[in-house]
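I have placed the structure first, in the form of structure tokens, so that the comments after it can refer back to it.
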Amino acid sequence: MKILHFITSLKFGGAESALYNYLAKSVSDTEDQHVVAYLYDGPNVDKIKDLGIPVFKISGRYICYSPLLFLRLKRLITKIKPDLLHSSLWSANIISRILAKFTVVPLVCDLHGSSFDEGRFRNFLDRFTASSAAKIVAVSESVRASYSKCIVNSIKNNYVKNSIAQNLTVIKNGINFEELREKAFYCKLQRADLGLSDNDFVVGAVGRLEPIKSYDVLIRAFAAFYKKNEEHSPNLKLVIIGDGSQFITLQQLSRDLGLSNNVIFTGFRENAYRFYHLFDCFALSSKSEGLSISLLEALSFGLPVISTHHDKQHDVIKDKINGFLVAPTDVAEYAQAINTLYLSPSLRNQISACNLKLVAEKFSIQKVVNDYKKIYLEISVKP
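Counted from 1, the sequence shown has number 152 at position 135 by my numbering; the numbering is strictly sequential.
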């Protein structure tokens, strides 16, 4: 089977990592895979090429959404003759759905984020084009729920609504946790490499430094935790791995809060897995999140996780069982969760054992590959 993967970008991000993880695990299978992106630059370009998979760039003239982009993608489909088109991220999904109306190639679309955050115009386009996809795959139950509420349930035509609802399913993100831990073992960093000591309590975070990730909330929560434990303050550290538009702003916030010596910004690091074993707990502070790849990576190293979430129903974290769930923007609650883990090494050890078992049982990349293969086969044999 020949599959053409179409994604908005190949930069550093969760959806991009999910695509690479899938390709790396399935590259030796019988599928003939190709990748195309219109925001081409990023670390995943060379990584995918190193797998022996062709990577193409298409773009419009001056703007990404010009008619030339559609024409070039249509020509690429005609040239490659894929049996199936698989798109990821919102823009790629919309473009591929519009194009699907003019081709006979079945389409699978991935949903990586909450529809609550997309806005009215984007959700209007989503509703208008959703019926073009043979299958719509959400990476978590919460993403599916948001899509059902914002998109599917607002469609007036019952036939179309029911058809889209039937085509909407969930395949949770997964990682190759065994390979990840093996790589980390052979290129392991020492705490001293980041200016950390063995006595430090280290909160770690990995991701893009963009507004939706709300790292300002995390830094303010860490500041409140720091103030509560001032007698131990030299040994309290926050390490943030990643880059983005908020990098300088967040550095300034740390200085303004008097945390220059306690918050470490590493910038972008391609092999972030080398850092997880340096952390005592892992922090997510996003306004919303699909199913974070960095979260799954943290679990694979047995880290307790503190994550923001709009309610206490999370796809991975069970509050006070294998981590802590706090309300987005609630600095005080977040600080308290950090403090609870800091004060209880035994709780951290208990959660660690739970998370190691969880990721092995439910978030294997092989399960993801198998589930997608079932979908590919299902829609490729439909008349």
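Beta carbons are placed, not taken as given, at the ideal position from N, Cα and C, and that holds for glycine. Keep in mind it's a predicted model, so treat the numbers as computed, not measured.
| Query | Result |
| --- | --- |
| Enclosing beta strand (DSSP E) for residue 230 [first to last residue] | No beta strand (DSSP E) holds residue 230; DSSP gives it neither H nor E. |
| Run of the beta strand (DSSP E) containing residue 284, from where it starts to where it stops | 280 to 284 |
| Rounded C-alpha distance that separates residue 296 from residue 279 | 14 Å |
| Residues near residue 33 by beta carbon distance below 6 Å, same chain, minus five either side | 27 and 61 |
| Contact between the segment 204 to 220 and the segment 176 to 194 (3+ Cβ pairs under 8 Å) | no |
| Under 8 Å between C-beta atoms of residue 314 and residue 293 | yes |
| Distance between residue 269 and residue 384 (C-alpha atoms, nearest Å) | 43 Å |
| Validate contact between the segment 342 to 352 and the segment 202 to 209 using beta carbons, cut 8 Å, 3 pairs | no |
| Spatial distance of residue 116 from residue 379 (CA atoms) | 35 Å |
| Contact check, residue 159 vs residue 273, beta carbons under 8 Å | no |
| CB-CB length for residue 101 against residue 121, believed under 8 Å | Actually they do not touch by this definition, with Cβ atoms about 11 Å apart. |
| Host alpha helix (DSSP H) of residue 39 (start-end) | 31 to 43 |
| Residue-chain proximity (residue 103, chain C), Cβ-Cβ < 8 Å | Given the protein chain composition of this structure (a single chain), no chain C is represented. |
| Cβ-based neighbour list, residue 241, same chain, cut-off 7 Å, excluding 5 preceding and 5 following | 348, 349 and 352 |
| Test item: CB-CB of residue 230 and residue 302 under 8 Å | yes |
| Meets three-Cβ-pair contact criterion under 8 Å: the segment 279 to 288 and the segment 316 to 325 | no |
| Straight-line gap, residue 341 to residue 323 (C-alpha atoms, nearest Å) | 5 Å |
| CB contact flag (residue 146, residue 111, <8 Å) | yes |
| Three-state secondary structure (DSSP) of residue 120 | coil |
| Three-way DSSP call (helix, strand, coil) for residue 19 in this model | strand |
| Boundaries of the alpha helix (DSSP H) in which residue 394 is found, first to last residue | 382 to 397 |
| Secondary structure of residue 79, DSSP reduced to three states | Unreliable positioning characterises residue 79 in this predicted model, as indicated by a pLDDT of 47, which lies under 50. The coordinate reading is nonetheless provided below. Reduced to three states, the DSSP call for residue 79 is coil. |
| Beta-bridge partners of residue 50, as assigned by DSSP | 20 |
| Beta-carbon proximity check, residue 151 vs residue 169, cutoff 8 Å | no |
| Residue 50 vs residue 40 beta-carbon contact at 8 Å | yes |
| Sub-8 Å separation of residue 59 and residue 225 beta-carbons | no |
| Alpha-carbon to alpha-carbon, residue 338 and residue 79 | Because residue 79 sits at a pLDDT of 47, beneath the cut-off of 50, its placement in the model cannot be relied upon, and the following sentence gives the value as read from the coordinates. So the two alpha carbons sit approximately 51 Å from each other. |
| Counted within 10 angstroms of its Cβ, other Cβ atoms place residue 103 as buried (16 or more) or exposed | buried |
| Inter-residue spacing [alpha-carbon to alpha-carbon] between residue 95 and residue 394 | 21 Å |
| Continuous beta strand (DSSP E) stretch holding residue 153: start and end | 152 to 155 |
| Cβ distance (whole Å) where residue 325 is taken to contact residue 343 below 8 Å | 6 Å |
| Segment limits, alpha helix (DSSP H) that includes residue 88 | 84 to 97 |
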